[in-house]
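Trainee:
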Amino acid sequence: MKKCLEKSGYAVPGIIAYGEQAIQKVAEFNPDLVLMDVMLKGDITGIEAAEEIINNFQIPVVYLTGLSDNKTLLKAKYTQPFGYVLKPFETIQLITTIEIALNKSKTEVLMRSELEKEKEISSSKTRFVSMVSHEFRNPLSTIFTSAELLANHGDKLTEAKKIEYLHFIQNSVKNLNHLITNILSISKAEIPNDKFNPKPIDLEAFCQNLVAEIMICTGDKPQIIFATKETNISPESQLLNNPKKLPCLDENILR
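No gaps in the numbering here: position 14 of the sequence shown is 14 in the working numbering, and each next residue is one more.
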């Protein structure tokens with residue numbers, strides 16, 4: 001049979017008489033298909049060896065046997081083989097069964113791969129929705145708190161403080177607009193073309209404004225203190241970053 005298979009273009013890495021050794025060889029060679037006799041030497045039968053090979057290695061098994069009784073057929077059927085060839089058999093019958101089994105196996109591998117991709121896409125969508133919810137919550141919290149302070153305590157606030165809170169609201173609206181723009185870009189599959197467009201920013205001023213915005217929402221929580229040793233930051237030492245993306249990053253760190 002080995003010569004017939006090799007003549008038909010198949011490679012036969014080994015012929016094993018014991019079930020335990022058959023499992024070891026499968027782990028070693030990782031073949032495309034296993035031809036398994038129901039009756040093998042050793043402590044386990046061909047059906048038991050085939051079941052372990054199918055379950056642990058996802059390698060298709062075709063049974064070759066002279067047994068056709070119902071009990072054997074039911075046991076073999078339970079392992080979900082890719083074929084069952086009764087001895088004696090014609091070479092063309094065996095080759096046809098092998099080809100059908102290989103094609104079926106390839107189809108199942110592709111299906112499993114597609115299912116894994118679908119699961120990953122579904123998981124990515126869930127993470128994306130969670131991320132978007134978090135990113136929306138930050139500026140909305142700033143807007144709500146600033147508006148509430150202006151509405152309830154506006155008569156006690158200085159004009160400078162009122163203007164400061166209005167600026168917080170305006171900046172939060174801008175951040176929301178940038179976030180919506182990014183979401184639309186992702187939905188249009190434009191994110192791979194989203195190029196990094198760095199611009200110099202005054203990092204000290206940026207951090208001071210960010211801390212001031214977050215302090216509005218902290219209430220009685222511990223205060224956030226921003227300190228820097230540098231009093232004058234030269235243009236050469238300014239941080240280069242994408243101004244549309246930096247606020248979201250720093251807010252996530254601080255919150």
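The C-beta atom is built at its ideal place from N, Cα and C for all residues, glycine as well.
#1: Let me know if Asn-175 comes out buried or exposed under the rule of 16 or more other beta-carbons within 10 Å of its beta-carbon.
#2: Can you tell which of Gly-46, Thr-107 and Lys-3 has the C-alpha that lies nearest to the C-alpha of Lys-77?
#3: Out of Gly-9, Lys-3, Tyr-10 and Glu-48, point me to the one whose CA is closest to Ala-22's CA.
#4: For the stretch 56-67 against the stretch 78-96, are there 3 or more C-beta pairs whose distance is under 8 angstroms?
#5: If you follow the alpha helix (DSSP H) that Lys-2 is part of, which residue opens it and which one closes it?
#6: On a Cα-Cα basis, can you pick out the residue from Phe-168, Thr-181 and Ile-180 that is closest to Gln-208?
#7: If you measure between the beta carbons of Ala-50 and Met-36, is that distance less than 8 angstroms?
#8: On the DSSP bridge list, what partners appear for Lys-41?
#9: Output the distance between the C-alpha atoms of Phe-149 and Arg-137, rounded to the nearest integer angstrom.
#10: Going residue by residue through the stretch 27-115, where are the continuous beta strand (DSSP E) segments of at least 3 residues, counting only ones entirely within it?
#11: Looking only at its own chain, which residues have a Cβ that is under 6 angstroms from the Cβ of Gly-19, when we skip the five neighbours before and after it?
#12: Find the nearest neighbour of Leu-94 within the set Leu-210, Ala-212, Met-1 and Asp-202, judged by alpha-carbon distance.
#13: In the DSSP assignment, find the unbroken beta strand (DSSP E) run with Pro-13 in it and report its ends.
#14: Quick one: measure Cβ to Cβ for Ile-143 and Ser-172, integer angstroms, because I've assumed they're closer than 8 angstroms.
#15: Could you tell me if Val-264 is buried or exposed, where buried requires 16 or more neighbouring beta carbons within 10 angstroms of its beta carbon?
#16: Nearest-angstrom Cα distance between Lys-3 and Ser-122?
#17: Does the Cβ-Cβ distance between Phe-29 and Gly-14 come in under 8 angstroms?
#18: Is the beta carbon of Val-12 less than 8 angstroms from the beta carbon of Phe-57?
#19: Should Pro-139 go down as buried or exposed, given a rule of 16 or more other Cβ atoms within 10 Å for buried?
#20: Beta-carbon within less than 6 angstroms of Pro-192's beta-carbon, same chain only, minus the 5 sequence neighbours each way: which residues are those?
#21: Rank Ala-205, Lys-119 and Met-131 by C-alpha distance to the C-alpha of Asn-182 and give the top, closest one.
#22: Excluding sequence positions up to five away, which residues of its chain have a Cβ less than 6 angstroms from the Cβ of Ile-16?
Mentor: The answer reads as follows:
#1: The residue labelled residue 175 in the question sits at position 175 within the sequence shown. Counting Cβ neighbours within 10 Å, Asn-175 comes out buried, since at least 16 surround it.
#2: Within the sequence shown, the letter at position 77 stands for residue 77. Measuring from the Cα of Lys-77, the nearest candidate turns out to be Gly-46.
#3: The residue given as residue 22 occupies position 22 in the sequence shown. Selected option, being the one with the closest Cα: Glu-48.
#4: yes
#5: Taking the sequence shown and counting its residues from 1, one reaches residue 2 at position 2. Membership of Lys-2 in the alpha helix (DSSP H) is indicated by the continuous run 2-7.
#6: Translated into the one-based positions of the sequence shown, residue 208 becomes position 208. The shortest Cα separation from Gln-208 among Phe-168, Thr-181 and Ile-180 belongs to Phe-168.
#7: Position 50 of the sequence shown holds residue 50. Position 36 of the sequence shown holds residue 36. Yes.
#8: Taking the first residue of the sequence shown as position 1, residue 41 is located at position 41. BP columns for Lys-41 point to Tyr-18.
#9: As a first step, residue 149 is located in the sequence shown; it is residue number 149 there, counting from the start. As a first step, residue 137 is located in the sequence shown; it is residue number 137 there, counting from the start. For the sequence presented, residue 149 should be read as Leu rather than Phe. So the alpha carbons of these two residues sit roughly 18 angstroms apart.
#10: 34-37, 61-65 and 83-86
#11: Taking the sequence shown and counting its residues from 1, one reaches residue 19 at position 19. Result list for Gly-19: Leu-40, Gly-42, Ile-44 and Ala-49, in chain order.
#12: In the sequence shown, residue 94 corresponds to position 94, counting from 1. When each option's Cα is compared against that of Leu-94, the closest is Met-1.
#13: Taking the first residue of the sequence shown as position 1, residue 13 is located at position 13. Neither: Pro-13 is in no beta strand (DSSP E) and is coded neither H nor E.
#14: Along the sequence shown, one-based indexing puts residue 143 at 143. Along the sequence shown, one-based indexing puts residue 172 at 172. Yes, Ile-143 and Ser-172 are in contact; Cβ-Cβ is about 5 angstroms, under 8 angstroms.
#15: With the chain covering 1 to 255 only, the question about residue 264 has no answer from this structure.
#16: One-based indexing of the sequence shown puts residue 3 at position 3. One-based indexing of the sequence shown puts residue 122 at position 122. Near 49 angstroms, if we compare the C-alpha coordinates of Ser-122 and Lys-3.
#17: Working through the sequence shown from its first residue, we reach residue 29 at position 29. Working through the sequence shown from its first residue, we reach residue 14 at position 14. It is a contact, given that the beta carbons lie within the stated cut-off.
#18: Counted from its first residue, the sequence shown places residue 12 at position 12. Counted from its first residue, the sequence shown places residue 57 at position 57. Against a cut-off of 8 angstroms, the Cβ pair of Phe-57 and Val-12 comes out as no contact.
#19: Residue mapping note: residue 139 aligns to position 139 of the sequence shown, counting from 1. By the neighbour-count rule (16 or more Cβ atoms within 10 Å), Pro-139 is buried.
#20: Residue numbering aside, residue 192 sits at position 192 when the sequence shown is read from its first letter. Any answer about Pro-192 is weak, because its pLDDT of 49 lies below 50 and its placement is not dependable; what the coordinates show is given next. Here the set comprises nothing.
#21: Here residue 182 corresponds to residue number 182 of the sequence shown, with the count starting at 1. Ranking Ala-205, Lys-119 and Met-131 by Cα distance to Asn-182 puts Met-131 first.
#22: Along the sequence shown, read from residue 1 onward, the residue named residue 16 stands at position 16. The answer, listed in chain order, is Ala-22 and Lys-25.
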